[in-house]
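Q: Numbering (this note's numbering), first residue to last: 18 to 195.
No residue lacks a Cβ here, since even glycine has one placed at the ideal position from N, Cα and C.
Structure below.
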C-alpha cells in the first residue's frame, strides 16, 4: 500500500513537471523561436499562386486572413490561419460565413476536414511541442496552424487543393530564424 502511494505521488509530480515544461518552458527554451504566419507583413503576397488558387490579397481587418480566387469559383474564397493553442473565432466566423451560403473546410497537419476537433488537434500539438523540447528541435509551422477555408456553397473545394494551398502558404512564411 505504501509503495503504491509513493508511486502515485511520483507519477503526479512527474506529470506536473511535464505539464509545466510543455506550457511555460517550451517557447523560451526552444533553440529557435516559433515560426509565424502573418499575411499583412508580406507586401508581395497579392497575385501569388498557392496551389490551384491565386491570392487576391490580405483582408485588412485581420492579420491572418487572405482572399483567394479560383477559376472554378465565381466568388472569393477566404482563408484564415489560426494557432491551435489559441481560441479561434468560430462564433464570428459563423456570423460572417453562415452555413446556408458558405462551405467551411479545415486543414491541419496536411489533412482536410469538414468539421474540426480542436481538442484532438491541441493534444497533437502538445505532443509535438514536447518532442521538440526534448530533442531541442524547432516546431514546424504545420504543427501550429489550422487553416480555415470559407467558400461559397456552389464552389467545388476538394481536400487535395486546400491542403496544397495550405502547404504553399506555409512555404511563404518567414523562417523562424528571421
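Is residue 98 buried or exposed, if buried means 16 or more other CB atoms sit within 10 Å of its CB?
A: So residue 98 ends up on the buried side.
Q: Would residue 87 pass as a contact of residue 74 if the rule is Cβ separation under 8 Å?
A: It is not a contact, given that the beta carbons lie outside the stated cut-off.
Q: Could you say which of 72, 20, 94 and 32 lies nearest to residue 175 if we only look at CA atoms?
A: Comparing Cα-Cα distances from residue 175 to each of 72, 20, 94 and 32, the minimum goes to 94.
Q: Measure the Cβ-Cβ separation of residue 146 and residue 158 and say whether it is below 8 Å.
A: No; because the gap between Cβ atoms is not below 8 Å, this pair is not in contact.
Q: Measure the Cβ-Cβ separation of residue 103 and residue 172 and say whether it is below 8 Å.
A: The answer is no: Cβ separation not under 8 Å.
Q: State the DSSP-derived secondary structure class of residue 174, mapped to helix, strand or coil.
A: The answer is coil: DSSP assigns residue 174 none of H, G, I, E or B.
Q: Checking 8 Å against the spacing of the C-beta atoms, do residue 114 and residue 123 come in under that value?
A: No, the Cβ-Cβ distance between residue 114 and residue 123 is not below 8 Å.
Q: Mapping DSSP to helix, strand and coil, what is residue 201?
A: Outside the displayed range of the chain (18 to 195) lies residue 201, so it cannot be described from this structure.
Q: Provide the residue span of the beta strand (DSSP E) that contains residue 145, from first to last.
A: First-last for residue 145: 135-152, but that is the alpha helix (DSSP H), not the beta strand (DSSP E).
Q: Run through DSSP, which three-state label would residue 30 get?
A: Of the three classes helix, strand and coil, the one that applies to residue 30 here is helix, per DSSP.
Q: Using the Cα positions of residue 68 and residue 182, report the straight-line distance between them to the nearest angstrom.
A: Between residue 68 and residue 182, the C-alpha separation is close to 4 Å.
Q: With burial defined as no fewer than 16 other Cβ atoms inside 10 Å of the residue's Cβ, what is the status of residue 167: buried or exposed?
A: Burial call: buried.
Q: Would you identify the three-state DSSP class for residue 36, choosing helix, strand or coil?
A: Of the three classes helix, strand and coil, the one that applies to residue 36 here is helix, per DSSP.
Q: With DSSP as the reference, identify every bridge partner of residue 121, one or two as the case may be.
A: DSSP lists 167 as partners of residue 121.
Q: Going along the chain, which residues of its own chain have a beta-carbon closer than 7 Å to the beta-carbon of residue 185, five neighbours each way excluded?
A: Only 67 and 68 meet the Cβ criterion.
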